[in-house]
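There are 4 protein chains.
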Amino acid sequence: MARAKREMLRAAIVGATGIVGQQFIVALHNHPWIKATTLAASERSAGRSYKEALTDPKTGAFRWYCDEPPDPAVMNIPVQNASEMDVAGVDLIFSAIESEQAQVLEPKFAATKPVISTASAFRYEKDVPILIPGINSEHAALLKQQQKARGWKGFVTPDPNCTTIGLAITLKPIYDAFGIRAVLMTSMQSMSGAGRSPGVIGLDILDNVIPYIAGEEEKVQKETQKILGFFSGNAIQPARFAVSCTCTRVNVREGHTESVFVSTEKKCEPEDVARAMSEYDGFKGLSLPSAPKRLIVVHPDPFRPQPRLDRDTDNGMATVVGRIRKDPALENGIKYLLVSHNTKMGAARGAVLEAELLIEGGYIS
Amino acid sequence: MARAKREMLRAAIVGATGIVGQQFIVALHNHPWIKATTLAASERSAGRSYKEALTDPKTGAFRWYCDEPPDPAVMNIPVQNASEMDVAGVDLIFSAIESEQAQVLEPKFAATKPVISTASAFRYEKDVPILIPGINSEHAALLKQQQKARGWKGFVTPDPNCTTIGLAITLKPIYDAFGIRAVLMTSMQSMSGAGRSPGVIGLDILDNVIPYIAGEEEKVQKETQKILGFFSGNAIQPARFAVSCTCTRVNVREGHTESVFVSTEKKCEPEDVARAMSEYDGFKGLSLPSAPKRLIVVHPDPFRPQPRLDRDTDNGMATVVGRIRKDPALENGIKYLLVSHNTKMGAARGAVLEAELLIEGGYIS
Amino acid sequence: MARAKREMLRAAIVGATGIVGQQFIVALHNHPWIKATTLAASERSAGRSYKEALTDPKTGAFRWYCDEPPDPAVMNIPVQNASEMDVAGVDLIFSAIESEQAQVLEPKFAATKPVISTASAFRYEKDVPILIPGINSEHAALLKQQQKARGWKGFVTPDPNCTTIGLAITLKPIYDAFGIRAVLMTSMQSMSGAGRSPGVIGLDILDNVIPYIAGEEEKVQKETQKILGFFSGNAIQPARFAVSCTCTRVNVREGHTESVFVSTEKKCEPEDVARAMSEYDGFKGLSLPSAPKRLIVVHPDPFRPQPRLDRDTDNGMATVVGRIRKDPALENGIKYLLVSHNTKMGAARGAVLEAELLIEGGYIS
Amino acid sequence: MARAKREMLRAAIVGATGIVGQQFIVALHNHPWIKATTLAASERSAGRSYKEALTDPKTGAFRWYCDEPPDPAVMNIPVQNASEMDVAGVDLIFSAIESEQAQVLEPKFAATKPVISTASAFRYEKDVPILIPGINSEHAALLKQQQKARGWKGFVTPDPNCTTIGLAITLKPIYDAFGIRAVLMTSMQSMSGAGRSPGVIGLDILDNVIPYIAGEEEKVQKETQKILGFFSGNAIQPARFAVSCTCTRVNVREGHTESVFVSTEKKCEPEDVARAMSEYDGFKGLSLPSAPKRLIVVHPDPFRPQPRLDRDTDNGMATVVGRIRKDPALENGIKYLLVSHNTKMGAARGAVLEAELLIEGGYIS
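Protein sequence lines, in the order shown, are assigned to chains A, B, C and D. Okay, so the first sequence: first residue is 670 according to the working numbering, each after it adds one. Okay, so the second sequence: first residue is 670 according to the working numbering, each after it adds one. Okay, so the third sequence: first residue is 670 according to the working numbering, each after it adds one. Okay, so the fourth sequence: first residue is 670 according to the working numbering, each after it adds one.
Printed below as a string of structure tokens:
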């Protein structure tokens, strides 16, 4: 492939010491096109090597949160202060910072460089697409509008929320084949979605379910409509079907489980939906290094999907679906469950996949 | 009250050594109207005292599964073989056996005595009501038909499934005030609902959600319609609204959490629903010892209900509701979450409450 | 009893909004001798009512962490800034603040008032006893020295560490009857011992054991020797036996489990130890409202003690012991397991019990 | 190496459908020397393909319990009835059956073939070594005595108990360098050690520690002495130091954690012990495919080892040690914690490693 012959692209990771930042390190380890060359975090870490920044000075403990070991090559990279990061030497920027900070820093970076972000700060702006490669790749063209409107050489393109992504992916083949009137979803989200500062406290989640995640439901509702919306060439017309969510937290480490009820426009049988999902191929012709073989894996066993067993399917990049069956309460009702890896496809690896799409599309070079 | 002056009623508990049987022992401890005088279990326990039957002969371990300590008064009662139990000396029978065995034994007992059962064996028979005191108390009159049709002096009246009960209770005031078109519910059920033989294996539930509970969804759908059905005087006409469930298991010890979406006939605001639930009083005039002060407690905190914090509200007899809000995907849509104690209101204590209703109504004496 | 006729003593709770502060509210609810009349916390809470201080202004969530509901009587008490608290109107002060702050504030309070503290700040000072009522009640007399030496009208007397308390209590009857050469203990501590700021993060403890709790082992070793030390009349001579601990954290909400190995001076059989523990009565003649019926409950079932089943024995004030047996690796070796409630006997209720002892002894009035 | 040129050895796995049996399938997947060609299980599975035997006929659920996917090559092997298994075509047998059944079947198999077993049935027989390759490889020679004494062409050689193995491995370099007087160990064992029939019930372990595992402590004490015993040429003289264990179960899926206290003969510093462990190389010259690079990995971070983070070190074949420090209560006291993977090194993979040792030694061909 032509790609392999090009020079490696140099990426900065902002927020590199956090849980999502670490997932970026893992996602770029041995990546064939992109190399992490610049790391930035809070002022506190600035000036120390990445290894030192992750090491507790009092106890010597090494704060690494991924299952995969860290790439030794990045250990000695000096961590910069995110708010003063020098972007001159990089080709693209992965942002894993909190939304408030993203509001300030991402436009600054985007003035000159492409920024792919896991923060929600810009998701709901008119000229900002929420890209899921293979699902709404064509929305990438909106970035041209964004550059023009804002006078940027770069751009900001955010990942969807980690709870949106599995929902939007599994709705896409249904939407294409049968149309959608309404979606009702209850999530059982893992703890890693809340991060570590302090995230979910052990005392609160043991023997428990937390029935509320502030702001989450609104995000999922809005983002799903935008992602499955129609791109007219210069704007995205959100999909018209209604989406209603109830988002809860359960005692699971990684992997969001979602119980989905869908009312379709056209009548369809569970087998039709299973086939549409299994056969869905959003990457026709494209060959992106981080793409899963199939965006959706349909499991015939009624006891699946389970977050512990299915979250890592295809490196955590596939959404696993099971129990597709008729729903007796909705018109043309279909229901199913899905499991999606919230810090892989739902965060860092998903953002890297997005970068790959934009590289192939010529948006990043 | 007149009750207190009457003789104590003598109850048999069948399946007394299991988790629900033990909950019956707890529910009848210091009960003002009913006393456990006969205990029965499998052949293996027969002939031993209740205390011995719960004691592991090899290790001396005492197998007691309730939070509340056992009633010392029952410790020396000799356990009978359930299939040969002598019912002559009892006034009513609580059955906590498996459905297959219930199919055989409950008719035998019902020939002469009232049987209140936590098994599903007879729930779907035409002449059998599924009673929730305060919700459909008037269905009790169907027992007369049952006695006539079957030539029994006693009767069988089963508890609803532990997942049905919280749903039916919270739907009742909505149904009364606004009518219901459709209900979509996703449950996050506790482990105790699966019992201990072996129930949920620790290896399976740690860091996980199990997305399937065999047979559960069909039960909840059917039972909800029957409980909220119209009793014509000699038959129950199931409620006409559709019910669709997805039932899952989470790593919680006790207390089922349910995420409910409802489409009502009449338009209503969340405040209206909250008021209808909070003010719902199914026990007007009735004073039953095990009844909660309110069948439904509405919690204003968005982080509630939580199973660990709310399951024991009013001795595990109240259903706790929170996050009542508009649902954007259904016509006149309302959504909320509930927590209901599956082995208290949802099993033994619920059955005792049912007995109390039937005593007050003159069905048991 | 003479007590009942006296006026109620008025107590301040410093650090009243935290998890231990809340446990103090619970421990003093309906207390016959002591009433919480003053509450203090950080500057952030100052000026708000206790109820407001516990309510999240953004979500309305009420942050109450105890199983028992809060005393409605304290809800409207205005919270003072701890560092400026007015102690004029109180008879004693319960301190539930962090050690660093205790270092500064407790001497200030102690200048005029008795301070009973759950912080470790003063535990290792020569003139400060670490009291466990019924175990080393006679050490209270050291407070006279402290007052003299420091020129205080009040005093500081700290609770032992929550991991020390169960160990010291169970060692006491062994020490009295057989002497002790050495103690080796491995703890499996609950999450509540780490508090909530952020305490133990859910992601870290799920499917895991944390093998280290900074500073804990040294505390337990030192405190155990001091508590079981000999009080000469003006100083405590620490017990001479060696104590070695390994402290770990497990996925348990409340209740520390400890695996103890003891080498005794005199030979003894497990039955002797069980009897010495069961018969141990440290409260001869004393009748303190918060005292458990027995400080130690010995369980014959080999599967006990278990933290979930045994932590609340006698309101969380008894230490439950099981599996007392010979240890083949130590001279006169005995081994056993214990469960002790770390936020009841091991913190707030334990401190209230201590106050009761000091009231009876005339140290507080 | 000479090995590679030889024919692949054909292995039978008895008890192939259970959790340890499945781990054998995983351990032999792509193994360079050994191939699973025969599978046996209970009568119920006999006659079905391995895939069918693992598939629930009612629900279609596939009962696979390992993290690694099953080897497709074994899916169509017909499962034989273990008690009638035809051993003619195999070169060695891995036995993963329960001890009672092992008592009967293993001698039958051993009459003609080498049997490597995870059952405890024969561990305590005089002519049976408990081999840990790299720790007591020389004990293999005892198999000659066994064959002679019993008139077998084959032999039985059992794995140690999954709790013994990490302890024995980490004691070995201490024993060699400093001698051992006494060992006191408290284990915090994972649920997988109890299997799935039903193993640990979720209701029992949530928010809990189980302080007793029947028979476990005796096994660990006896086996450790035997493994570290001296082999005189025709018998094993157990090591003379005393071992005392307290074995508990915690809410962890895989990986046993052990808190170890050791009294050594010679004085030694923690650094000496760390060095002796890190440098320990039991495989000098030997190159066994399943052997870890190092039998012991010493972790400098005080928060390690943790079962979730460390159990899979070197494919679950290394024992990870941390917190090596002085013990103040024992003569020449040293204490540390270890994590060892109980179903990998502690069961199936450990047995395969043992087979490799015996193949290299010429005991299996």
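The C-beta atom is built at its ideal place from N, Cα and C for all residues, glycine as well. In this text the structure is predicted, and so the values were computed from the model without any measurement.
- Secondary structure at residue 860 of chain A: helix, using DSSP grouped into helix, strand and coil.
- Here the C-alpha atom of residue 859 of chain D lies approximately 9 Å from the C-alpha atom of residue 877 of chain C.
- The beta carbon of residue 985 of chain A sits closer than 7 Å to those of 1010, 1013, 1014 and 1018, all from its chain and outside the five residues before and after it, given in chain order.
- Inter-residue distance for residue 908 of chain A and residue 748 of chain A is about 42 Å (C-alpha atoms, whole angstroms).
- The three-state reading of DSSP puts residue 893 of chain C in helix, counting H, G and I together.
- The beta carbon of residue 930 of chain B does not come within 7 Å of any beta carbon belonging to chain C, so the residue lies off that interface.
- Boundaries of the alpha helix (DSSP H) around residue 844 of chain D: 831-847.
- At least 7 Å separates the CB of residue 1008 of chain B from every CB of chain D.
- Collapsing the DSSP output to three states places residue 910 of chain C in coil.
- Residue 887 of chain D sits in a helix when the DSSP states are folded into three classes.
- For residue 704 of chain A, the three-state secondary structure derived from DSSP is strand.
- In this structure, residue 949 of chain A sits near residue 842 of chain A, with a CB-CB distance shorter than 7 Å.
- Just measuring C-alpha positions, the residue of B/893, B/1016 and B/982 sitting nearest residue 853 of chain B is B/893.
- In the structure shown, residue 744 of chain D falls within a coil segment according to DSSP collapsed to helix, strand and coil.
- For the stretch 856-869 of chain C, residues whose beta-carbon sits nearer than 7 Å to a beta-carbon of chain A comprise 860, 861, 865, 867, 868 and 869.
- Under the three-state reduction of DSSP, residue 767 of chain A is assigned to coil, being neither helix nor strand.
- One alpha carbon belongs to residue 733 of chain A, the other to residue 979 of chain B, and they sit about 36 Å apart.
- Counting the other Cβ atoms within 10 Å of the Cβ of residue 926 of chain B gives 16 or more, which makes it buried.
- Between the alpha carbons of residue 797 of chain C and residue 900 of chain C lies a distance of about 12 Å.
- Using a Cβ-Cβ cut-off of 7 Å, residue 828 of chain D does not count as an interface residue toward chain C, since no Cβ of chain C sits closer than that to its own.
- Judged by DSSP secondary structure, residue 695 of chain C falls within the alpha helix (DSSP H) whose first and last residues are 688-697.
- DSSP, read as helix, strand or coil, puts residue 814 of chain A in helix.
- The stretch 749-756 of chain D makes contact with the stretch 681-693 of chain D; the number of CB pairs closer than 8 Å reaches 3 or more.
- Excluding sequence positions up to five before and after residue 913 of chain D, its CB lies within less than 6 Å of the CB of 853, all in the same chain and listed in chain order.
- Residues of chain C with a Cβ closer than 9 Å to the Cβ of residue 839 of chain D do not exist, since the nearest Cβ in that chain sits about 14 Å away.
- Beta-bridge analysis with DSSP links residue 1034 of chain D to no other residue.
- The beta carbon of residue 809 of chain A sits closer than 8 Å to those of 798, 800, 826, 1026, 1027, 1030 and 1032, all from its chain and outside the five residues before and after it, given in chain order.
- The C-alpha of residue 783 of chain C is placed about 40 Å away from the C-alpha of residue 865 of chain A.
- Residue 813 of chain B and residue 868 of chain B have their C-alpha atoms some 37 Å from each other.
- Annotation for residue 941 of chain C: 846 and 847 place their beta carbon closer than 8 Å to its own, counting only its chain and skipping 5 residues before and after.
- Within chain C, the residues whose beta carbon sits less than 9 Å from that of residue 922 of chain A are 871, 872, 875 and 876, listed in sequence order.
- At a beta-carbon threshold of 7 Å, none of the residues of chain D lie near residue 985 of chain A; the nearest stands roughly 14 Å away.
- If you look at residue 1005 of chain D, you'll find it in the beta strand (DSSP E) that goes 1002-1009.
- Non-local beta-carbon contacts of residue 715 of chain B in its own chain, meaning distances under 7 Å to residues more than five positions away in sequence, involve 748, 749 and 750 in chain order.
- Three or more Cβ pairs closer than 8 Å define a contact, and the stretch 760-777 of chain C meets that threshold against the stretch 785-793 of chain C.
- Put simply, the CB of residue 729 of chain C is near chain B, with a gap under 7 Å to one of its CB atoms.
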